[in-house]
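Presented below is the structure to which this report refers.
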Amino acid sequence: MEYVEVEQAVNAPGLRLVLTAGVPGPWGEAAKSLFDYKGLKYLPVRQVGGGENAALVAWTGQSSAPVAVFDDLPPVCHWLDLLHLAERLAPTP
């Protein structure tokens, strides 16, 4: 998977999904599967596991992943918020 850096993602349009690069963590894989199932394209954004992730904290308010950001909406990271965002963007299937 090709990741973009946080600094590139901040001003990008559409759905951005922050994932821990190089680590198939269960929450990140679940978030990817959710958006993939809904047919939603997203821009993968790099989070460094165990890293400071200062730019990510400045953008989303946290250093962990997954985090989804759609256009100018606030970032979401809780599983239920991720699900609600996916449902709002693609009510079916």
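What the sequence shown shows, in the numbering used here, is residues 6 to 98, in sequence order.
Heads up, the beta-carbon is just placed ideally off N, CA and C, and yes, glycines get one too.
Since the structure is predicted, the reported quantities are computational estimates derived from the model, not experimental observations.
Asked: Opening and closing residue of the alpha helix (DSSP H) in which T97 lies; Found: It is not in any alpha helix (DSSP H) - T97 carries neither H nor E in the DSSP assignment.
Asked: Where A63 sits in the DSSP three-state scheme; Found: helix
Asked: Validate contact between the region 26-40 and the region 76-91 using beta carbons, cut 8 Å, 3 pairs; Found: yes
Asked: Cβ-Cβ distance between L48 and G19 below 8 Å; Found: yes
Asked: Own chain partners of V74 with C-beta closer than 6 Å, once the 5 adjacent residues on each side are dropped; Found: R21, P80
Asked: P49 - containing beta strand (DSSP E), residue span; Found: 48-52
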